[in-house]
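If you read the protein sequences in the order shown, they are chains R and Y.
Under this note's numbering, think of the first position of the first sequence as 62, with each following residue one higher.
Under this note's numbering, think of the first position of the second sequence as 62, with each following residue one higher.
See structure below.
Number of protein chains: 2
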Amino acid sequence: MLDLELIGRTAKEMAAYTGRLGSSEKDAVLAACADALEARCEEILAANALDLAAADPAKAAFHDRLTLTQPRVAAMAQGLRKVARLDDPAGETLYMRTMPNGLQVGERRVPLGVVAIIYEARPNVTADSFGLCFKAGNSSILRGGSEALRSNTAIVAVLQDVLEQYGHPREAVQLITDTSREAARGLMTLRRYVDVLIPRGGADLINTVVANSTVPVIETGVGNCHIFVDESADLETAAQIIINAKTQRPSVCNACEKLLIHRGVAAEFLPRICAALAEKGVEVRGDASVCEAFPAAAAATQDDWPREYLGLVIGIKVAESFDDAVQHIRAYSSGHSEAILTRDYALAHRFTAEVDAAAVYVNASTRFTDGEEFGLGAEIGISTQKLHARGPMGLKALTTTKFVIFGNGQCRL
Amino acid sequence: MLDLELIGRTAKEMAAYTGRLGSSEKDAVLAACADALEARCEEILAANALDLAAADPAKAAFHDRLTLTQPRVAAMAQGLRKVARLDDPAGETLYMRTMPNGLQVGERRVPLGVVAIIYEARPNVTADSFGLCFKAGNSSILRGGSEALRSNTAIVAVLQDVLEQYGHPREAVQLITDTSREAARGLMTLRRYVDVLIPRGGADLINTVVANSTVPVIETGVGNCHIFVDESADLETAAQIIINAKTQRPSVCNACEKLLIHRGVAAEFLPRICAALAEKGVEVRGDASVCEAFPAAAAATQDDWPREYLGLVIGIKVAESFDDAVQHIRAYSSGHSEAILTRDYALAHRFTAEVDAAAVYVNASTRFTDGEEFGLGAEIGISTQKLHARGPMGLKALTTTKFVIFGNGQCRL
Chain R
62 MLDLELIGRT
72 AKEMAAYTGR
82 LGSSEKDAVL
92 AACADALEAR
102 CEEILAANAL
112 DLAAADPAKA
122 AFHDRLTLTQ
132 PRVAAMAQGL
142 RKVARLDDPA
152 GETLYMRTMP
162 NGLQVGERRV
172 PLGVVAIIYE
182 ARPNVTADSF
192 GLCFKAGNSS
202 ILRGGSEALR
212 SNTAIVAVLQ
222 DVLEQYGHPR
232 EAVQLITDTS
242 REAARGLMTL
252 RRYVDVLIPR
262 GGADLINTVV
272 ANSTVPVIET
282 GVGNCHIFVD
292 ESADLETAAQ
302 IIINAKTQRP
312 SVCNACEKLL
322 IHRGVAAEFL
332 PRICAALAEK
342 GVEVRGDASV
352 CEAFPAAAAA
362 TQDDWPREYL
372 GLVIGIKVAE
382 SFDDAVQHIR
392 AYSSGHSEAI
402 LTRDYALAHR
412 FTAEVDAAAV
422 YVNASTRFTD
432 GEEFGLGAEI
442 GISTQKLHAR
452 GPMGLKALTT
462 TKFVIFGNGQ
472 CRL
Chain Y
62 MLDLELIGRT
72 AKEMAAYTGR
82 LGSSEKDAVL
92 AACADALEAR
102 CEEILAANAL
112 DLAAADPAKA
122 AFHDRLTLTQ
132 PRVAAMAQGL
142 RKVARLDDPA
152 GETLYMRTMP
162 NGLQVGERRV
172 PLGVVAIIYE
182 ARPNVTADSF
192 GLCFKAGNSS
202 ILRGGSEALR
212 SNTAIVAVLQ
222 DVLEQYGHPR
232 EAVQLITDTS
242 REAARGLMTL
252 RRYVDVLIPR
262 GGADLINTVV
272 ANSTVPVIET
282 GVGNCHIFVD
292 ESADLETAAQ
302 IIINAKTQRP
312 SVCNACEKLL
322 IHRGVAAEFL
332 PRICAALAEK
342 GVEVRGDASV
352 CEAFPAAAAA
362 TQDDWPREYL
372 GLVIGIKVAE
382 SFDDAVQHIR
392 AYSSGHSEAI
402 LTRDYALAHR
412 FTAEVDAAAV
422 YVNASTRFTD
432 GEEFGLGAEI
442 GISTQKLHAR
452 GPMGLKALTT
462 TKFVIFGNGQ
472 CRL
C-alpha cells in the first residue's frame, strides 16, 4: 500500500540532510554511482529486458526510448560524472548589505528542498534527475512511466546502495513504484512536502501535471519554433541554417517547425529552400504563395500554424513585413526559440526585444537552445514558462534563495 | 457579460506595448497618476463612501481596510511617486558570453508580461499593484474584492485617464468588474494569456487560488514566525526583541507568533518575559513548563503550534536544546521568518543554515521582513514559496529573463 504521506515526510527530512552535505561529499557519491551503474550494468539490462518483453514492440519510438544497452548505461554514468564536475550552485551568498540601522541583510543561494520529477518510460531520466537534484542539495522523489518500472527500480537500487555505502540515507532518492494514475495525482497535491514538481515528457504529461498540481510546477517544453528570413538576409547562410534547424534532429523541441519568408525575397528564396527541404525528405505545407512557388507543397491549414510536428514536416508562410512576421510569431509561438535571419542591425535588435520567447536568435539555428550549448553544463529541461526559470535549466534552477539577516539587537521602530 | 477571453487577449497585446516603453515614459505616467489621484480625491472618496454605505459596519477591521480618507489617497499617490523613483528592473543584460563556436549567448531581464492580481477589499492595493506592474513593464489585470468595487473603479478610471493623456492605451491596466466567483475562477485558468497570478490577502484567498489556478501562482504569505532564545542569549536584548516582534504590530505576517526558550535559561527568563508580554496585553499559551513558571498562562494545545494568531496571543515552549528548537521550527514553520537570539557564533551560523525559511535572523526582530527594510524599495508581497521569488518581492520579482543569442550563421553539428 502506497503511503505518499510517508514518502513526502521522509523526503522533507532527507532534504534537511542533503542540503547540509558539502560539495566534495556529494561529488564522491555521484562518481561512485557512475562506477556502480557500469559495474552493475548486467543487472540493469536484465531488468530492462523484462520491461522490454512486456512492452508493445509495434511502438518503435517508444520501444527505442525504453531500451537500455551497455553504451546507454555508460552514457548515464558519464552524465553523473559530468554533473559531479560542475560547480555546486548552493551556498553562495549573492550579496550582503549593511542597512542604515546596522542590520546586515543578504541573500544566500540554497537548495530547493524536495524536488519531484514525473516522467515517461525513459530509464535514463532516472539517473540523470537524481544526479542533478542531489548535486544541488535536494532530495528527490521520482515517478517514472509504468513500462520502465523494472529498469527504474534496478537503477535506483544501485544509487541507493551507493548512498548507503557512503554513510548517507538511502531515501535521499525515492522511487514511487506504484505507477497508478492515483499515485501520480497524489504526488501532484503533496504540497506540504514537495517544493517543486517538474514534468519531463510530452505535451499530454505536462498538461496533466499543470491542470492537477497544487505543488508549484516548472513547465518544460513544447517548441513551435519559427525562423523568419528577412529580405536583407544572406540567403546562402539562411538556407544552411534552415536545413540545420529543421533536419539535424527533427524530433526535438528546439527544431524549427515554421518558416516565415519576407515577401521581398520570396520569389528568389522560396523555390530554392522548398526544394532543398524536400530533398532532405521534409514535407512542405505552405500558404497560397508557397504552393504557387513550389507546387509540390501541400496547403497549410489553420491547424498547422500552432502545431509542433516533431518530425520531417515544416509550415512555410510569406510575411508581408517584419511586423507581419512578429505578429504571426506572437500569435502562434510556444515561447521556446525564435530566430531572425537578417543583415539589418535595427531589425536584429527589434526582433530580440519584441519577440517574447525563452530564446531569441539572430542568424543562428534554433537547435542551440540547450543547457550544454548555452554553457550551463547539464540541464534538467527547457522551461517555457516565465516563472523561476526560463529556457534551458541548469543546476541553478534547482535552487532558491533565502534572506540571511545578522543583527545586534535591532527592533523595528 | 464578462468576456475574460477578450480581457486576456487585450492584456497580452498590452504587455507587448508596455514592455517596450522606456523608463522615463513609465515614470512620467506614474508621477502623473500620483498627481491625478490627489487632484481627483473627492471623486474617489465619493465612490468609497458608497462602498462603505453598503458594507457591514459591524466588521470593524474589514471596514477600516475598506475606508479611504484624504491622507490615505495621498499615501497611495506617494507610493506611486516612490515606485517612479526606483530603478527600472527590465532591460538589463545579466551577462553575455562568447561560446567556442562564436555564438554570443546572454541573458536579459525582461518584464513578465501579463500579471494578474486577485485581492480583497483594500482599495489601496489597486494603485499599488498597477504602479509596480507598470514600472516593471507589465500589463495588469486587477480583480479586487466586491465590497470595494466602486472605489476600485474610480481609482482605475483615474489611472486609465492618465495613460490616455500620455498617449498610451487605457487597457494597460484592466479592472475586472464582475466580482462573481466564476469570474475569479475564470481568471485563474486564463493560462493562455496570463503569465503569473499573485493573490494578495488572507490564507483563504491564497489557498483558493493555489487550489484552482492553472496559471503559475506566486504564493504570498502566512507567517507562523518563531524566536528561539538560546541559553547564551543576552536576556535584556532578548526581551526587547521579543516585545518588539510580538507587539509592535501584531496583525502582520512578520510578527512573532511562537517563542522557544532554551531549558538552560527557562527558570530565569520565562517568568520575566511572560510578565512583560502580559503587561503589553499579550495572552500567553504555554507548555507545562511555561504554565508552571507563569501560572497566568493558558495551556497550549496541539492546535496552537502551527497557528498564525495575527493578534495579541503568543505560544511559548521550552526547548531542551538547539536541535530540539530547530526540530520544532522545522515541524511548524510556515517558512516565513525565523530568529535565533544567541551569543554563540557556531549556533548563529548553524541556525541560518539549518532553518528553512524565506528569512532567517540572528539577534534581530522578525518584524524587519519587508521590502523596504531589506532595501528592495516597494514590495508586491512576501513570498513563502521557493519558486521564482522568496521573501519580500520587489520589482525584480515582476520580471523574467530571456536568452538572447547573436550568431553569424552557426549551425549545430
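Here a beta-carbon is modelled for each residue, glycine too, at the ideal position from N, C-alpha and C.
With three or more CB-CB distances shorter than 8 Å, the region 164 to 172 of chain R counts as touching the region 186 to 201 of chain R. Among the residues facing chain R, Ile302 of chain Y is included, as its CB has a counterpart in that chain under 8 Å away. One finds Thr275 in chain Y with Cβ atoms closer than 7 Å to the Cβ of Ala272 of chain R, taken in chain order. DSSP places Thr128 of chain Y in the coil class of the three-state scheme, outside both helix and strand. For Leu459 of chain R, the closest C-alpha among the options R:Ala450, R:Leu63 and R:Ile466 is that of R:Ala450. Put simply, the backbone Cα of Ser274 of chain Y is about 44 Å away from that of Ala327 of chain R. In chain Y, no part has a C-beta under 7 Å from the C-beta of Glu232 of chain R; the shortest such distance is about 17 Å. Interface criterion not met: the Cβ of Asp96 of chain R is under 8 Å from no Cβ in chain Y. Around the beta carbon of Leu67 of chain R, a 10 Å sphere encloses fewer than 16 other beta carbons of the protein chains shown; the residue is thus reported as exposed.
About 17 Å separates the beta carbons of Tyr370 of chain Y and Ala400 of chain Y, which is beyond the 8 Å limit, so they are not a contact pair.
A residue is called buried once 16 or more other Cβ atoms fall within 10 Å of its Cβ, and Gly372 of chain R, having fewer, is exposed. With contacts defined by Cβ atoms closer than 8 Å, Val134 of chain Y and Glu99 of chain Y form a contacting pair.
Counting along the chain, Lys378 of chain Y sits inside the beta strand (DSSP E) bounded by residues Val374 to Ala380. Within the same chain, Cβ atoms closer than 7 Å to the Cβ of Glu280 of chain Y are found at Ile267, Val271, Ser444, Thr445 and Gln446, the five residues on either side in sequence being excluded.
The three-state secondary structure of Leu448 of chain R, taken from DSSP, is coil.
Per DSSP, Glu104 of chain R is one residue of the alpha helix (DSSP H) stretching across Cys102 to Ala115.
For Leu338 of chain Y, the closest C-alpha among the options Y:Asp125, Y:Leu320, Y:Gly325 and Y:Asp348 is that of Y:Leu320.
Ser426 of chain Y reaches chain R at Gln471, Cys472 and Arg473, counting residues in chain order whose Cβ is nearer than 7 Å. Gly468 of chain Y has a beta carbon lying within less than 8 Å of a beta carbon in chain R. Nearest CB-CB separation between Leu371 of chain R and chain Y: not below the 8 Å threshold.
Asp256 of chain Y reaches chain R at Lys447, counting residues in chain order whose Cβ is nearer than 7 Å. Taking CB atoms only, Gln363 of chain Y has no neighbour in chain R less than 8 Å away. For Lys319 of chain R, the uninterrupted beta strand (DSSP E) segment begins and ends at Cys317 to His323. Closer than 7 Å at the C-beta level to chain R, one finds these residues of the region 300 to 330 of chain Y: Gln301, Ile302, Asn305 and Gln309. Under DSSP, Val234 of chain R forms a beta bridge with R:Ser201. Between the C-alpha atoms of Asp112 of chain Y and Ser212 of chain Y there is a straight-line separation of about 7 Å. Under the DSSP assignment, Arg346 of chain Y falls in the beta strand (DSSP E) whose first and last residues are Glu344 to Gly347. Annotation for Leu65 of chain R: the continuous alpha helix (DSSP H) segment containing it runs Leu65 to Thr79. By the rule that beta-carbons nearer than 8 Å mark a contact, Met75 of chain R does not touch chain Y. Around Gly442 of chain R, no beta-carbon contact reaches into chain Y at under 7 Å, the shortest distance being about 14 Å. Taken through DSSP and simplified to helix, strand or coil, Thr250 of chain R comes out as coil. When DSSP reads this structure, Gly442 of chain Y sits in a beta bridge with Y:Met454. Within the model, the alpha-carbon separation for Leu251 of chain R versus Arg368 of chain R is close to 33 Å. The Cβ of Lys87 of chain R sits no closer than 8 Å to any Cβ of chain Y.
Pairing Gly436 of chain Y with Val166 of chain R gives a Cβ-Cβ distance under 8 Å. Residues of chain Y whose Cβ lies closer than 7 Å to the Cβ of Leu173 of chain R are, in chain order, Lys447.
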